[in-house]
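Per the numbering used here, residue 198 is the first one in the sequence shown, and the count goes up by one each step. Remarks on the structure that follows.
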Amino acid sequence: MSATDLCFLSISEAAGLIAAGELSPVDLVDAHLERIANTDERLNAFITLLADEARVAAKKAEGEIHGGKYIGPLHGIPIGLKDLYFTKGIRTTMGSRIMGDYVPGYDAAVTESFQRAGAILLGKLQMHEFALGGTSENPHYGAARNPWNVGRITGGSSGGSGAAVASGECMGALGSDTGGSIRIPAGACGIVGLKPTYGLVSRHGVFPLSHSLDTVGPMTRTVRDAAIMLNAIAGHDPRDTSSANRPEQDYTAGLDQGVRGLRIGVPQEYFYDVIDDEVADAVKSAAAVLKGLGALVEEVSIPILEQSIPISGALLITEAAEVHMDNLRNCPDDLGADVRARLQVGAATSATDYIKAQRARVVFNCEVAAVMKTYDILLAPTVPIGAPNLDDDLVVVAGSKHAKLAVMPRLTRPFNITGTPTISVPCGFTSDGMPIGMQLSGRAFEDALVLRVAQAYEEATDWHTRRPPI
């Protein structure tokens, strides 16, 4: 097997080989470091590469495994972390100039979880500044570039994670999702991105953006790999006041149970108002695949979805402005122009308007929950268009011009408002070769069911097997 082929193994495939003694973690890490050396100058997925540390960790893992101390399916697996997860003694920039030299004194809860699981950290991944944007065009560290076309964006804010996983620079990565920041780059880069139920994964040691929306989740090339990573990081953490105290669960256990008899609703409002025809057609074809597998798939009306942008926007920018109030007062010129402008809007939002948004969120969630008494899953497109060009402020969607920063998170916002588990899986390509993603969203804490439906779709298609040309 070539070094490049090693880099495109799934986590589950590599884990099986490692457990059987047929693959060395040292060889696997070396293959990924070689891949990074060959591709990252074009992709800009990494802010900080930890090559020496990764080699040391790989040798340690190899010794443990040879000594009969195999931990599990992440032991010896090379991963990356979006650069807002704290790593003790390792620079964590948040994609910003302001915190460009920040070195945490402790690890994030998820960093600890991956260490316990034996995963090997290759480095810290590029992101939109302070996670406040859906393009990953970063004025301080450069833009992350899409492996399918390096002249296109990755989506954001977890753009480095999307590029690194899609290109084979790492086997899996963590993103964060406040308005779609896991699912947008997953959709744009042709990989799997899971936003778990709000509170399922600890946010301790994760730099905040919006306290009522921020969610931690995995980005991988297969659904099973996302379940494997979720197994490692899900769980109650008293250090995080939003952490849910739920029974431990194996998210890989029910993956192969199929979709026969499940009810899948396809909302007709909002998701198809601003969308390219070929994206809409690909998602409709994906729905037909699930119907062919035995699910009951039907159109559903949820009019309140039209309120997604005002509710999500008011909550996100107001809470983000609170986080960054000192930066706005003391060093606004050190912020990128787009981030500064959004934070200034948030700072100018009144407490009354914020409370109105919170009350509207309650109504929104009640109406969506009422629909979910009938349906197990909601199905929708992830991003309205294929990944647009770098540096274009405006994009054309179905013949009309729109702001790129507004278009990219448009379709992911509803499921941050609800806080419910939502996955993006690849479901096709545009005519110019850019990936298309489909979202599957379930009820709160039914993450396993969301993964199960995504797995059934993945097994029936081959989109996840395609490799980018880089």
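Every residue, glycine too, gets a C-beta built ideally from N, C-alpha and C.
Check                                                                                                                             : Outcome
Selected residue, minimal CA-CA separation from SER554, among ALA651, ILE614, ALA305 and LEU487                                   : Checking the displayed sequence, the identity of residue 554 turns out to be Ala instead of Ser. Checking every option, the nearest Cα to that of ALA554 belongs to ILE614.
Simplified DSSP state of GLY369, which is helix, strand or coil                                                                   : strand
Per-residue burial, ILE552 [other beta carbons within 10 Å of its own, 16 or more giving buried]                                  : exposed
Selection from TYR654, HIS599 and PRO666 that minimises the alpha carbon distance to ASP590                                       : HIS599
Whole-angstrom distance between VAL542 and PRO500, CA atom to CA atom                                                             : 27 Å
Extent of the continuous alpha helix (DSSP H) run through LYS601                                                                  : 601-604
Local Cβ density within 10 Å of CYS528, reported as buried at 16 or more and exposed below that                                   : exposed
The beta strand (DSSP E) enclosing PHE626, as first and last residue numbers                                                      : 619-626
Touch test, the segment 384-398 against the segment 335-345, Cβ-Cβ under 8 Å, three pairs minimum                                 : yes
Closest Cα partner of GLY432 within the set THR417, ARG418, TYR448 and ASP422                                                     : TYR448
Close beta carbons around GLY458, own chain, < 8 Å, minus the five adjacent residues each side                                    : GLY491, ALA492 and LEU493
Contacts around PRO464, its chain only, beta-carbon distance under 7 Å, and the 5 residues preceding and following it disregarded : VAL497, ILE499, LEU502, LEU575 and ALA577
Rounded separation between THR284 and GLY596 - CA only                                                                            : 45 Å
Rounded C-alpha distance that separates GLN446 from ASP588                                                                        : 43 Å
Backbone secondary structure at LEU214 - three-state DSSP                                                                         : helix
Residues sharing a beta bridge with GLY320, DSSP                                                                                  : LEU246 and GLY277
Sufficient close CB pairs (3 or more, under 8 Å) joining the segment 356-363 to the segment 238-257                               : yes
Stretch-stretch touch, CB-based, cutoff 8 Å, three pairs: the segment 274-283 with the segment 305-317                            : yes
Assumed close pair ALA251, ILE208 - CB separation to whole angstroms, cut-off 8 Å                                                 : Incorrect: roughly 16 Å between the Cβ atoms, too far for contact.
Rounded distance between the beta-carbons of MET324 and ASP280, thought under 8 Å                                                 : 6 Å
Three-way DSSP call (helix, strand, coil) for ILE425 in this model                                                                : helix
Backbone CA spacing between ASP473 and LYS601 [nearest angstrom]                                                                  : 14 Å
Paired residues, beta bridge with TYR282 - DSSP                                                                                   : VAL403
Cβ distance (whole Å) where ARG400 is taken to contact SER439 below 8 Å                                                           : 7 Å
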